[in-house]
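To start, the structure itself, in structure tokens.
Number of protein chains: 4
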Amino acid sequence: MRNTFGNFITLTLAGESHGGALVAVIDGLPAGLAVDTGYIAKKLALRRPSGQISTSRRETDDFRIVSGLYEGRTCGTPLTFVIPNSDTRSSDYAALAGIPRPSHADYTAHVKYGGFEDPRGGGHFSGRVTAGIVAAGAVAEYALAEKGVKIATHILSAGGVSDRSFGEFPSAGDMDRVAGLSFPVADPDAGEKMKEAIAAAKESGDSVGGILETAVTGLPAGLGEPWFDSCESMIAHAVFSVPAVKGIEFGAGFSAASMKGSEANDPFRYENGRVVTTSNRSGGIAGGITNGMPLIFRCAVKPTPSIALPQQSVDLMRGENTGITVGGRHDPCIVHRAAHAVTASCALALLDLYAGFCATKPAER
Amino acid sequence: MRNTFGNFITLTLAGESHGGALVAVIDGLPAGLAVDTGYIAKKLALRRPSGQISTSRRETDDFRIVSGLYEGRTCGTPLTFVIPNSDTRSSDYAALAGIPRPSHADYTAHVKYGGFEDPRGGGHFSGRVTAGIVAAGAVAEYALAEKGVKIATHILSAGGVSDRSFGEFPSAGDMDRVAGLSFPVADPDAGEKMKEAIAAAKESGDSVGGILETAVTGLPAGLGEPWFDSCESMIAHAVFSVPAVKGIEFGAGFSAASMKGSEANDPFRYENGRVVTTSNRSGGIAGGITNGMPLIFRCAVKPTPSIALPQQSVDLMRGENTGITVGGRHDPCIVHRAAHAVTASCALALLDLYAGFCATKPAER
Amino acid sequence: MRNTFGNFITLTLAGESHGGALVAVIDGLPAGLAVDTGYIAKKLALRRPSGQISTSRRETDDFRIVSGLYEGRTCGTPLTFVIPNSDTRSSDYAALAGIPRPSHADYTAHVKYGGFEDPRGGGHFSGRVTAGIVAAGAVAEYALAEKGVKIATHILSAGGVSDRSFGEFPSAGDMDRVAGLSFPVADPDAGEKMKEAIAAAKESGDSVGGILETAVTGLPAGLGEPWFDSCESMIAHAVFSVPAVKGIEFGAGFSAASMKGSEANDPFRYENGRVVTTSNRSGGIAGGITNGMPLIFRCAVKPTPSIALPQQSVDLMRGENTGITVGGRHDPCIVHRAAHAVTASCALALLDLYAGFCATKPAER
Amino acid sequence: MRNTFGNFITLTLAGESHGGALVAVIDGLPAGLAVDTGYIAKKLALRRPSGQISTSRRETDDFRIVSGLYEGRTCGTPLTFVIPNSDTRSSDYAALAGIPRPSHADYTAHVKYGGFEDPRGGGHFSGRVTAGIVAAGAVAEYALAEKGVKIATHILSAGGVSDRSFGEFPSAGDMDRVAGLSFPVADPDAGEKMKEAIAAAKESGDSVGGILETAVTGLPAGLGEPWFDSCESMIAHAVFSVPAVKGIEFGAGFSAASMKGSEANDPFRYENGRVVTTSNRSGGIAGGITNGMPLIFRCAVKPTPSIALPQQSVDLMRGENTGITVGGRHDPCIVHRAAHAVTASCALALLDLYAGFCATKPAER
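Chains as they are written, first to last, in the numbering used here: chain A, 15 to 379; chain B, 15 to 379; chain C, 15 to 379; chain D, 15 to 379.
This is the structure in structure tokens:
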């Protein structure tokens, strides 16, 4: 429902880029869950901009948990993060007033909110708001990790350079390697080339996009609901909330469209007394429900729309065509930063599905 | 929430393939909306199997609207469809008991429901259940049509054969053409070749998948919520509920990942006093909100998992590996039938977003 | 949400008094739950009108469960009841067209639905629709009974005659006695006098109201959420959906308002190693959460508004004042029939709270 | 859903009595709505304790709105209040550890949250949390006032002393008078006597309860949904969230139970071209939907459970019976403070119903 996601464990997200604070309220967490603020701080640090390939806006993300926490554990009531905005420079946006940046939310927000939208820094549409998702997602990841579930996202491609894929059965080594990286790639050389491509785009006043690949291991079979809260539906719902995501595919995804059934089907086998599949085209989901194999998805991140090159726009006040050159502090690529928001979104969707799974166990035989 | 979709106008879906009836309850429709049962019947007919490329199961879909309708119009209360199942042959499934079909929901349903699932004809996971979505979607499509919104889905590719794309600015001609077709293609020749490929797959005991492309025109700017109910989130949520869909992309989608910002951005211009974009890489959505341009998405449909070729599976009762050969009546391709469920799902998501749009108009200035 | 109630286990209710059928969809039930159709039929029979003190409309309530049931048990998917309407005599209502019955929903429905409402037999506002609640409630009661939870409602007063109260600690004998009665009273003599008062009211073209008292035993401590889904909130939400209910109070209720804290507080004691309270002014709920003691509430049922005596009304078509004399088949008292809908509503609310309780167990120590 | 209330305009409430801050997030407000922080501050001041009849804990309620507000108006995104807790003295509660106060939430919270609850100052169950409701309610009241809707609550009785009732048709004078009072009574003399009774109870280490009466004028006919979101259901749901409320009745309420239909029905008449009723036993609601007449309800507030007199309790750590004497700073009566939370809760429920009313206008004829 609008700014709330989830059925059993919900996240409500509030805040604008240059407002007082971002707020994230997680409701439905069981009491007694350990909340590791160091882990959350680390996750927020991974998302933060750094170096030449990022915006020069620097937020310290000094979050406070103002409710729901008692002696280091959840106390059963809503857990609330307040993350103040500090390094705001709203003057950058004054010049844009009434001239929407192409393919940004400026125009659609203006229409939707009748001109009452907060235009400063992209307002509620800013990537800045994903700090709240990453903070809440860190709580979810930590809770899932206690159940043996591990999530990792890497940049499969960016600026025309590709990392090696996780494949159908991702290795624990690759997953662990990328999970700790701010610019998550399995192959460091690919990472360097990506950064060069990003720097080159920035140099020319342009930006690049990319593809993220996420893997989840350790999930039990049985998570997800057939209509309408399948694993794919819930994860896609959460992930499409991350700005700039324009596509998602699970398992073989779009390439399954050109396979035969005999190629796309995953044969079952027993392995150490446990049912497994010998291939994983399904990406760990059949009939919308996890099958216990690694859950794999990829999502497409479009290039940052805020670019320095001159573009065509309109002046909404004067009702006429005009040019626009976007100043301010922007990222020439947000793929690596989006990676952390995608991991967090996935964690929130899965924790919610897990809670639904626990809520409706079948009767004992 | 589970078997209910939507925030303002909701669809609750119930029923199993070989159960008494499918039931679809639409709640939140305004009173006084015309309900055209002929239009609904036509839409159900388009979804029904026919000819050599479909299952031989024949359902007449003699739906009844048992509530919410008075003198041809909605009366403000829930509108309920009851669609009986008649041509059921559950004996086909007896042999499969305990031996899950690869990449079907048999195994995951078994785990999720602890063996209490209805196994007949795929139970709640059957494509049969999409008849309820198509019926409800027809009501939504009709209501949207009254607002000038038009939706069309065609088979962009199937069995390795491609139809011509709608492109960034779909023509009314192409959209109207495919909207009336059971096997929806813009290019009849492409359609014939697809059918040949499907027939060939069937002949060899196999199946094929494909890609669907959907276009929506006539939407106002302003539909969708930034977090978490963006247009992409809501449509993806609905569309991933259609069995066999494994991927979705909006506008340029995955191809945007390899573009520069200067290529991916859609410049604004005034055209007859109205703000338009001169390209449509965004697929009509920016910041999760419609921008008034055609909404475009594509989704990947995997090949039908029920194939006649021998496959590897497990016997869950005996706890051992075994082979499986799936008999019964199955579709060698469900791409064309899924097209109608995708259109319906999209209509339901958009009607819900439209209601949210009307519910929260900004204040007058 | 509108015609859906509950967070974890939901009931969606559809249907009009003279429409094709009533429909009740229960979603979220665990798979493998026994569904006893005989028990449901018995509960529907208790609600049905009978004898001189009821309407002469006779419905057989030949319900069908068309989904969610396989071999006598829930299969994990929505359980749907379809209850056809058969004994409809819509002509009774033709004369009323445009002249709303005082204190009935005719006028408010007319305004709300802009004249598109179904006027036949009170449409969606008819007590007839409670058959769907009673059917669904019977499933909930049965599921709760398996957990040792027992619910009973009796007529505390009607037509000025009082039954003996359950008191703060209801006896199993009184609860069992009334649970099987169509006209539920603990004291048969009081019941006879109530029926006489009802018959007298009918004779004079009038109707009577009453107070229902409900007791629930066997609940564990811990059900309910502080804000906003307390036990009181959820039960009141459900019970106020039963037509004619105008008040509800828990435990000492309104009489607590004139007590001192020292009188209203329930002292704690250990009894056989279990924490109990030695009085039960709280009605089994403290801080919105069950405390393990009997849950007690009472609700006020206003007299049936459809009476034969001449009344003042308006002619909405002509825009002028007019008199009205209500014909048709009506109950001179619905208190006893409402009792079964209140029990059912309470069971649905409690089953939902129970599911929430199971969904979020605190962490192990 | 748990700590969120509402379907269209939702309030999510977080925070504990002695935690970092209370947080209230309102989602779904239209953009451009004026937010008057002075009005909110005034409402919070009315709720605050003062004088001899209240706790000596003094909170300044220096709220901040950290999101959703831009240049004095809502910007279409969630509006978030952060209200810090400052005057906390948690040491008062140390002595109570493991010994639950009778009829307080200590025991039920302990069971529900498995001992992980925040025990300081009643944690999430504290009346302190109603500051968030009052702040959010002030926004709702202000929005409703712009539509001509006025809400007022007074103390109908407390400590055995009665104020004069609003009656079936409350006067604007009485409503305006009480709306501005911290201790809201229509008759100042009655107010003085109530305060004396409260002071006497405090003197004897005891506490008193009371009854609140709320009136709402200016509502259009048509608000509310028949099943399950009737006006009564929604208001009761919200009001039972206010701690200590144990009963609610609408219009004639429990006294309707002993009326005849001919006494309880409200005759219709035209008055200046508008349909009115000449009595208002229904309290402005028929069939769960507003009829345009004043909406009237009363709720029972039990005496504060925290009293100084010695009581019987249990020691949960030692598993044995024990006595308890509650120290700390407590209110000998919370009826007058609850009045402001009840008004706020009612405003939130009505604003939500109003939004639903606007979302689903019937079709034009």
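Glycine included, each C-beta is placed from N, C-alpha and C at the ideal position.
Taking a cut of 7 Å between CB atoms, which residues from the stretch 31-55 of chain D lie near chain A?
Answer set for the stretch 31-55 of chain D: G33, G34, A35, V37, V39, D41, G42, A45 and G46.
Kindly confirm or deny that the stretch 27-44 of chain A and the stretch 58-70 of chain A touch, where touching means at least three C-beta pairs closer than 8 Å.
The stretch 27-44 of chain A makes no contact with the stretch 58-70 of chain A: fewer than 3 CB pairs, one atom from each, lie closer than 8 Å.
Any C-beta of chain E under 9 Å from that of S81/D
Of the chains in the structure shown, none is chain E; the protein chains are A, B, C and D.
Residues in its own chain within less than 6 Å of A150/D by CB, not counting five upstream and five downstream?
Hits under 6 Å: L25, A38 and I40.
Only counting runs of 4 or more residues, tell me where the alpha helix (DSSP H) segments fall wholly within the stretch 212-253 of chain D, in order along the chain.
If we require 4 residues or more, the alpha helix (DSSP H) runs fully inside the stretch 212-253 of chain D come out as 245-253.
Alpha helix (DSSP H) runs wholly inside the stretch 93-152 of chain B, at least 4 long, in chain order
When DSSP assignments are scanned along the stretch 93-152 of chain B, the uninterrupted stretches of alpha helix (DSSP H) that are 4 or more residues long and fall wholly within it turn out to be 105-108 and 120-126.
Would you mind reading off the limits of the beta strand (DSSP E) that contains V80/A?
Its beta strand (DSSP E) spans residues R78 to S81.
Can you tell which of S185/B, V192/B, A235/B and D280/B has the C-alpha that lies nearest to the C-alpha of G128/A?
Residue A235/B holds the alpha-carbon nearest to the alpha-carbon of G128/A among S185/B, V192/B, A235/B and D280/B.
CA nearest to the CA of H344/B, picked from S179/B, H138/B and R142/B
Answer by Cα proximity: R142/B.
Between L362/B, V349/B and C360/B, which lies nearest to T69/B when the distance is taken from Cα to Cα?
Minimum Cα distance to T69/B is reached at V349/B.
Per DSSP, D203/B is paired with what?
Beta-bridge pairing links D203/B to no other residue.
Quick check on M331/B: buried or exposed, where buried means 16 or more other Cβ atoms within 10 Å of its Cβ?
It is exposed - the Cβ of M331/B has fewer than 16 other Cβ atoms within 10 Å.
What does V143/A reach in chain B if we use C-beta pairs closer than 9 Å?
For V143/A, the residues of chain B that pass the 9 Å Cβ criterion are P240 and W241, in the order they occur in the chain.
Within 7 Å of chain D by C-beta, residues of the stretch 200-225 of chain C in sequence order
Hits within the stretch, in order: A215, D220, S221, V222, G223, G224 and I225.
Reference T3/C; option with closest CA among Y121/C, S176/C and A361/C:
Because chain C in this structure spans residues 15 to 379, residue 3/C falls outside the shown range and cannot be described.
Are the Cβ atoms of I310/A and G265/A separated by less than 9 Å?
Yes; because the gap between Cβ atoms is below 9 Å, this pair is in contact.
So with Cβ pairs under 9 Å, would you call D280/D a contact of chain C?
Closer than 9 Å to some Cβ of chain C, the Cβ of D280/D qualifies, so yes.
Can you tell me the Cα-Cα spacing of D280/C and R16/B, whole angstroms?
Across the structure, D280/C and R16/B are spaced so that their CA atoms are roughly 40 Å apart.
Where F254/D and I299/A are concerned, what is the direct C-alpha to C-alpha distance, given to the nearest angstrom?
So the alpha carbons of these two residues sit roughly 42 Å apart.
For G205/C, does the count of other Cβ atoms within 10 angstroms reach 16, so buried, or fall short, so exposed?
Result: buried.
As an exercise, report each continuous beta strand (DSSP E) stretch of at least 3 residues that is fully enclosed by the stretch 154-197 of chain A, in chain order.
If you keep only unbroken beta strand (DSSP E) runs of at least 3 residues inside the stretch 154-197 of chain A, you get 164-172.
Evaluate contact between the stretch 73-92 of chain D and the stretch 113-128 of chain D, counting only Cβ atoms and requiring at least three cross-stretch pairs below 8 Å.
Contact between the stretch 73-92 of chain D and the stretch 113-128 of chain D is absent, because fewer than three Cβ pairs lie under 8 Å.
Excluding the 5 residues flanking A278/B on each side, which residues of the same chain have their C-beta closer than 6 Å to its C-beta?
The residues are A270 and R295.
Would a C-beta distance cut-off of 9 Å place G146/B and I97/B closer than the cut-off?
Taking a C-beta distance under 9 Å as the contact criterion, G146/B and I97/B qualify as a contact pair.
Using CA coordinates, which residue listed in L233/B, Y284/B, S272/B and A215/B is at the minimum distance from I321/B?
It is A215/B whose Cα lies nearest to the Cα of I321/B.
With a cut-off of 9 Å, does the C-beta of L233/C fall near any C-beta of chain D?
Under the Cβ distance rule, L233/C does not count among the residues neighbouring chain D, no pair being separated by less than 9 Å.
When burial is assigned at 16 or more other CB atoms within 10 Å of the CB, is R288/C buried or exposed?
An exposed status is given to R288/C, since fewer than 16 other beta-carbon atoms sit within 10 Å of its beta-carbon.
Any C-beta of chain A under 9 Å from that of F19/D
Answer no: the Cβ-Cβ gap between F19/D and chain A never drops below 9 Å.
Under 9 Å, Cβ to Cβ, is there at least one residue of chain D near P198/C?
Taking Cβ atoms only, chain D never reaches closer than 9 Å to P198/C, which makes this a no.
Is the Cβ of E334/B closer than 9 Å to any Cβ of chain C?
Output row for E334/B: interface = no.
CA-to-CA distance, W241/C to V148/A, given in whole angstroms
For V148/A and W241/C, the distance between alpha carbons rounds to 26 Å.
Show which residues of chain B have a CB atom less than 8 Å away from the CB atom of D366/C.
Those within 8 Å of D366/C in chain B number zero; the least Cβ separation is about 12 Å.
In angstroms, rounded to a whole number, what distance separates the CA positions of F268/B and R312/A?
Approximately 10 Å between the Cα atoms of the pair.
For I262/A, report the span of its beta strand (DSSP E) as first-last.
Counting along the chain, the beta strand (DSSP E) containing I262/A begins and ends at V259 to F264.
Going by beta-carbon coordinates alone, are R364/D and V163/D separated by less than 9 Å?
In the sequence as presented, Arg is not what sits at residue 364/D; that position holds Leu. Pairing L364/D with V163/D gives a Cβ-Cβ distance under 9 Å.
Between Y284/A, C372/A and G337/A, which lies nearest to T336/B when the distance is taken from Cα to Cα?
Taking T336/B as reference, the option from Y284/A, C372/A and G337/A with the minimal CA-CA separation is Y284/A.
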